[in-house]
Every structure is written in structure tokens, then in C-alpha cells.
Amino acid sequence: MPELPEVEITCQGISPFVVGQTVKEIIIRERQLRWPIPIALKRSLKNKIIIKLNRRAKYLLFYTGNGCMIIHLGMSGSLRIVKDVEPPERHDHVDIIFKSGHTLRYRDPRKFGSILWTKHDPMKHMLLSHLGPEPLTHEFQADYLYVLSRKRTKPIKNFIMDSRIVVGIGNIYANEALYHAGIRPTQKAGKISKIRYKRLIVEIKNVLSHAIKKGGTTIRDFINGEGKPGYFKNELQVYDKAGHPCNSCKTAITIIRLGQRSTFYCANCQT
Ligand SMILES: [Zn+2]
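Each number in our numbering corresponds to the 1-based position in the sequence shown with 405 added.
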């Protein structure tokens, strides 16, 4: 599943081909994604210039003068830039063709992604309005997590994966950050000290910015903006490493289910 680093890399990768460009045509081959692509999209986007492209959580926001297209990649979606002569393949559901001759192509084999349109401020859209702070901003710091977590009995891993608390920490990066911070994923959020939250904040920011720098984690379906797979996968410490020796103490990595998600930790290093 594309996580925050992959979406950020997609944003950076496609931006030079999209921002300042005029939409010539939109081809929709499959309308039924997680929600149907709105009928108004074609009419609203045609002949419009994309004036700004931003990421908020895992949403990509394409601003025009009269509204904003919101794209979420879901479980298996990807966006890439192709020359408009390149024929579409089976799961290439949408093409946004620019007058420049480049096409932004949306592929989504499992069709859990979404492409929406709003005439209003996208930050007030029902999908975005409740979201917590971005993890790589100054707003996301130890005091914030510490105060919010008091009296919470939820496991820390589920707590940091809750987008109302902080956005964009998916399963892979939650596992990795908790390993680096030495915190066991099952630990109750309300029982963790401020000092440990300080460490956790640092590790979350490290693991995400490192992944962005490295081009995102290729687990299954991600193709980055320029069509090359990322390679952060080789550097994962615990995710998908059940039974492998911990890189620090050689204890075999434990796997459990937590909140229906595979959860990996070192029972010696993480307490
Ligand atoms: Zn260990």
C-alpha cells in the first residue's frame, strides 16, 4: 500500500510535469473506484491550468482556478507520467492529458483509490477536515502526543496509526519507528513517558524522511513518479522480518496481530 513517503515522492515526481500545465483532455476507462469518479470531473478540469499540487496526508491535491481534484491511491494505486502515445494497460483507469504532450496516468488494480472533485477548500472536505498534523512538521512534537495520549489504553502502535492523531504513519513505518525508539507496539499509549515520546517523534520523522530520500518503499505495487521502484525495502529492520535475528541483539523478531495488522518487534530491544 502506498504510504506517506510514496505519496510524497509521487507528488515530487509528477509535479514538474503537472504544475503550470493545461489539461487538454481526460479519459476515464473505469469510473468505479472506491467511490465513482464524479461526472463533473471532465467538464471541470478540461482546459484548466493546474496552478498548484500539494500533498495532505495521503491525498494529492491538484488545484485549478475553479476547484480542486483530490486523488487518493488506495491500496494499489499509482500515478505516473507517460508520453500520450504509450498505450494503456489493463488497470490504467484514468488519463489526464496535458497540452504539453505528457499524460498523467492513474493505475489501480484493486480499485480502492479515489479521484474526487471539489469546488470548495479541499481542507474542509469531509475526508480531510478531521485529519491530525503532518508528521514532518514542527506541529508534531512530543508534548502534543504526550498530552493527547494521557489516560488512553490503546496500544501505542494503533495510537500513532490513527489519522486523527497524526496522519500518514502506515503499518510499515509504525513498526519501524517503534523498533528504532525501543518501544513495544503493544505498550499502552497513556503509560508512555514524555522522554520516550520525544525519542519516538525523532524516530518517526527519521524513518519517514529517510524513506522519502530513498524513493519510497517498494512492497507491492508502487511505481514512483518517474516509473522507477523505490528501494527502502532493503533497509527495513522489523517489518516482514518475523523469525529473522534482530540487527542489534540477534533475538528472533516476533510477529503478532494488533488491530488486524501484522506487527513486528524485538522482544529484547522493545519494552
Ligand atoms: Zn533486539
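Each residue gets a CB set at the ideal place from its N, CA and C atoms; glycine is no exception.
Three-state secondary structure (DSSP) of residue i
i	result
threonine 623	Since pLDDT at threonine 623 reaches only 48, below the 50 mark, its modelled position is unreliable, and the value read off the structure follows with that caveat. Threonine 623: coil per DSSP, three-state reduction.
glutamate 640	helix
cysteine 674	coil
isoleucine 520	strand
leucine 553	helix
isoleucine 574	coil
glycine 635	Interpretation of glycine 635 is limited by its pLDDT of 48, a score under 50 that renders its predicted location unreliable; no figure is taken from the coordinates.
glutamine 592	coil
arginine 604	helix
lysine 488	strand
isoleucine 454	strand
glycine 472	strand
serine 568	coil
Alpha-carbon spacing of residue i relative to residue j, whole angstroms
i	j	result
arginine 434	leucine 509	14 Å
glycine 425	threonine 469	10 Å
isoleucine 617	histidine 496	26 Å
proline 421	lysine 451	19 Å
arginine 436	serine 554	41 Å
valine 552	lysine 463	25 Å
proline 443	arginine 461	21 Å
threonine 427	lysine 488	15 Å
methionine 406	cysteine 654	30 Å
histidine 649	arginine 662	17 Å
6 Å CB neighbourhood of residue i in its chain, flanking five on each side removed
i	result
phenylalanine 517	Arg439, Gly479 and Met480
leucine 682	With the chain covering only 406 through 676, there is no way to say anything about residue 682.
tyrosine 511	Leu484, His498 and Val499
Contact set for residue i: own chain, Cβ-Cβ below 7 Å, skip 5 residues either direction
i	result
glutamine 665	none
phenylalanine 545	Pro538, Glu539, Val571 and Ile606
One or two residues paired with residue i in a DSSP bridge
i	result
phenylalanine 669	Ile660
tyrosine 464	Arg461 and His477
glutamate 430	Ile502
aspartate 497	Arg512
glutamine 437	Pro441
proline 650	Ala657
Q.
Across the region 555-564 and the region 588-604, are there enough close Cβ pairs to call them in contact, namely three or more that are closer than 8 Å?
A. yes
(Q) So, does the region 582-590 touch the region 523-533, judging by three or more C-beta pairs under 8 Å? (A) no
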